[in-house]
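Top line first, the protein sequences correspond to chains A and B. 18 is the number of the first residue of the first sequence in my numbering; add one for each residue after it. 8 is the number of the first residue of the second sequence in my numbering; add one for each residue after it. Note sheet for the following structure.
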Amino acid sequence: MKTWIEKQKALIDFTLASLARRKIKNLGLLLVYTLIVFLLASVMLFTHALRKEAGKVLENSPEVIVQRLVAGRHDLIPPGYLEKIGRIRGVQKKEGRLWGYYYDGVLKANYTFMVPQPDALMAVESGKIAVGATMARMRGLVPGNTISFRSYSGKLFSFEVSSVLPNKSELVSADLVLLSEADFRAFFELPPGYYNDIVLSVANPLEVRNIATKLSTLLPDSRPILREEVLRTYESIFNWREGIVLVLLSGAILAFAIFAWEKASGLSAEEKREIGILKAIGWETGDVIKMKFWEGALVSLAAFLLGYIAAYLHVFRFSSWLFEPVLKGWAVLYPRFELTPEVDGFQVATLFLFTVFPYAVATIVPIWRAAITDPDAVMRG
Amino acid sequence: MLVRLSHRAIAFFAIVLALFCLTFVDAAYLRAARAAALAESGVLAARLGLTDLSLFTEARYTRHPTQADLHSAFQDHPMAFEHFPSGSLMPPPRMLTKEYENLDRKTKSPD
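Written out as structure tokens, the structure reads:
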């Protein structure tokens, strides 16, 4: 065993010395290789963590939301709908929701105005608002400040900021403005009894689908949205986003693959001469292959480890600053949030397999071909 | 005495491997440290009945993709190009397209 280890160490010594002779070329390869792993791992870690985060945050979102569609678009829920829904067996609680969008010309951003449910323990007094931390930061608001909004009818409404929603919940509350029902109805000129949608809670979770079916029959113009659909939407959004980023990256990955393949599989005249000399001085074919195996393994393993560590730090310690412009898009209000690290071992293993193995294998095949030929022929080229 | 290259490589890989393992330890630490923030977001979502993340606030169908109606992403023209960068990166929710497809297949009279 000791002899075997010594032999491998000697081979590694020789391999590293050989790599050091083409220092610039090999360091360049390692750098590009590390960068590719870094990008792939960053996308993977980021989307997986975001997907998990969305799942955990939204697992307590309403069980069923009922919208009313008119000509394919949202419309207000007219009076009487709540009573009709109340007749469906299995519906435990039903509440009309009031929420809508407001475009703030000062910030050139959209806010989400919302009335907290009576049992939400977040009631806001009339004339006051509670605002999301991102919006408060962008408008420079602190509790006690007054802010005015011009409603869609042209009237000016002034509100006192009673509180700022916690920083920690920015991911769901960046643009939220909570206000009282009376203020909401006055601001948007919404007649009494009308709601934007209805939230239902169901006594038996297994009955949710049945209740959605009954709803569609009872109120044909309604569109029930189930919690599982909300969660599935986020799952598919981030799958899609990951896919798109990978497609955009695929050009760079392919370029690297060609570069690495050319570097690993095509032997330079110098390398061929080196193999010829090694064989001439008594190296066996097996030794030459092992030496080249170590070359591939050391380079690819170093690139994988360095790239993965850099990606981890980028996503979870530096708030994925490289991806921020992509996610931000045209949004003026962008929440500050720190993702909870959720690392999928299977994904890491897949990344390892797809980055380390192909390169290690690609180095061995041409060497084997060169190593089994006559040293004299190899040296002469 | 000159240090052998293989020993240097072993030392390098030992350090990098330790750092790699440390990322998992750090992940566990951060998970515990950020659990409160995650729980707070969850509580707020449950209390207010929130359905979406406020990641893309530029348009209503990117702000609330789960609540968007069937035509919201193509409100100007069915073949209109997307206005917003995130809209071009984000597909319409699958449940919407699925529902639409079903209705289509149920049509008995030819279009």
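In this text, a Cβ means the ideal position worked out from N, Cα and C, and glycines have one as well. Just so we're clear, the structure is a prediction, and the values are computed from it rather than from any experiment.
Quick check on residue i - is its C-beta less than 8 angstroms from some C-beta in chain A?
i, result
"B/Ala43", "yes"
"B/Val10", "no"
"B/Ala18", "no"
"B/Val5", "The displayed coordinates of chain B run from 8 to 118. Any statement about residue 5 of chain B would go beyond what the structure contains."
"B/Ser13", "yes"
"B/Pro85", "Residue confidence for B/Pro85 is low, a pLDDT of 42 falling below 50, so the modelled location carries little weight and cannot support an answer."
"B/Phe81", "Low confidence applies here, because B/Phe81 scores a pLDDT of 48, under 50, leaving its location unreliable; read the following figure in that light. No, B/Phe81 does not count as interfacial toward chain A."
Based on DSSP bridge pairs, tell me the residues matched to residue i.
i, result
"A/Asn127", "A/Tyr120"
"A/Ser78", "Looking at the DSSP assignment, A/Ser78 forms no beta bridge with any residue, so it has no partner."
"A/Val194", "A/Phe130, A/Val148"
"A/Val216", "A/Ile82, A/Glu112"
"A/Glu177", "A/Lys145, A/Thr163"
"A/Pro241", "A/Val83"
Give me the Cβ distance between residue i and residue j, rounded to the nearest whole Å; I'm assuming they're in contact under 8 angstroms.
i, j, result
"A/Leu75", "B/Ala52", "6 angstroms"
"A/Leu193", "A/Val148", "7 angstroms"
"B/Leu12", "A/Lys73", "Not a contact, Cβ separation roughly 48 angstroms."
"A/Leu235", "A/Lys101", "6 angstroms"
"A/Ala229", "A/Leu243", "6 angstroms"
"A/Ile105", "A/Asp214", "About 16 angstroms; that fails the 8 angstroms criterion."
"A/Thr302", "A/Ile381", "With a Cβ gap of about 12 angstroms, A/Thr302 and A/Ile381 do not count as contacting."
"A/Gly268", "A/Thr51", "Rounded, the Cβ-Cβ distance is 18 angstroms, inconsistent with contact."
"A/Leu350", "A/Ala126", "5 angstroms"
"A/Leu322", "B/Val23", "4 angstroms"
Report the residue from the options whose alpha carbon sits nearest the alpha carbon of residue i.
i, options, result
"B/Tyr36", "A/Trp385, A/Lys345, A/Arg334, A/Phe371", "A/Arg334"
"A/Phe174", "A/Ala191, A/Thr151, A/Lys145, A/Ala150", "A/Lys145"
"A/Ser399", "A/Leu235, A/Arg202, A/Ser186", "No statement about residue 399 of chain A is possible, as the shown extent of chain A runs from 18 to 398 and does not include it."
"A/Val239", "A/Ile94, A/Lys289, A/Val349, A/Thr250", "It should be noted that the sequence gives Ser, not Val, for residue 239 of chain A. Selected option, being the one with the closest Cα: A/Ile94."
"A/Ile326", "B/Ala40, B/His71, B/Val32", "B/Val32"
"B/Ala39", "A/Ile389, A/Thr357, A/Pro392, A/Val373", "A/Thr357"
"A/Asn162", "A/Val181, A/Thr151, A/Lys172, A/Ser168", "A/Val181"
"A/Val54", "A/Phe371, A/Asn127, A/Gly117", "A/Phe371"
"A/Arg68", "A/Glu80, A/Ile381, A/Gly45, A/Tyr251", "A/Tyr251"
"A/Glu187", "A/Arg353, A/Arg90, A/Ile82", "A/Arg353"
"A/Leu196", "A/Met308, A/Phe176, A/Ile215", "A/Phe176"
"A/Ala348", "B/Phe63, B/Tyr68, B/Gln74, B/Pro72", "B/Phe63"
"B/Ser61", "B/Thr30, B/His71, B/Leu55", "B/His71"
"A/Gln109", "A/Asp200, A/Ala66, A/Lys125, A/Leu217", "A/Leu217"
"A/Ala272", "A/Asp304, A/Ile29, A/Leu46, A/Lys309", "A/Leu46"
"A/Glu224", "A/Glu245, A/Asn127, A/Pro160, A/Ala126", "A/Glu245"
"B/Leu57", "B/Glu65, B/Gln74, B/Ala66, B/Ala18", "B/Gln74"
"A/Glu70", "A/Leu368, A/Ala379, A/Val360, A/Ile384", "A/Val360"
"A/Ala220", "A/Gly103, A/Asp30, A/Leu158, A/Phe363", "A/Gly103"
"A/Ser190", "A/Pro241, A/Asp30, A/Arg154, A/His91", "A/Arg154"
DSSP three-state label for residue i, please.
i, result
"A/Ile298", "coil"
"B/Arg112", "Only weak support is given to the placement of B/Arg112: the predicted model assigns it a pLDDT of 47, under 50, and the value that follows is read from those uncertain coordinates. The answer is helix: DSSP assigns B/Arg112 an H, G or I state."
"A/Arg334", "helix"
"A/Asp361", "coil"
"A/His91", "strand"
"B/Arg67", "helix"
"A/Ile389", "coil"
"A/Ala277", "helix"
"B/Ile17", "helix"
"B/Pro85", "Below a pLDDT of 50, predicted positions are generally treated as unreliable, and B/Pro85, at 42, falls in that range; no measurement from the model is reported."
"A/Glu288", "helix"
"A/Phe354", "coil"
"A/Leu339", "coil"
"A/Glu206", "coil"
Check whether chain B comes within 8 angstroms of residue i, counting only Cβ atoms and requiring the distance to be less than that.
i, result
"A/Ile164", "no"
"A/Glu259", "no"
"A/Phe204", "no"
"A/Asp304", "no"
"A/Gln364", "no"
"A/Ala355", "For clarity, residue 355 of chain A is Glu in the given sequence; the question names Ala instead. Taking Cβ atoms only, chain B reaches closer than 8 angstroms to A/Glu355, which makes this a yes."
"A/Trp347", "yes"
"A/Asp192", "yes"
"A/Asp391", "no"
"A/Tyr211", "no"
"A/Trp219", "Inspection of the sequence shows that residue 219 of chain A is occupied by Val rather than by Trp. False, the Cβ-Cβ gap to chain B never drops below 8 angstroms."
"A/Met308", "no"
"A/Tyr118", "yes"
"A/Ser175", "no"
"A/Tyr329", "yes"
"A/Met18", "no"
"A/Asn43", "no"
"A/Val264", "no"
"A/Met139", "yes"
"A/Ala71", "yes"
"A/Leu207", "no"
Residue i versus chain E: which residues are under 8 angstroms apart at the beta carbon?
i, result
"A/Met131", "Protein chains A and B are contained in the structure displayed, whereas chain E is not."
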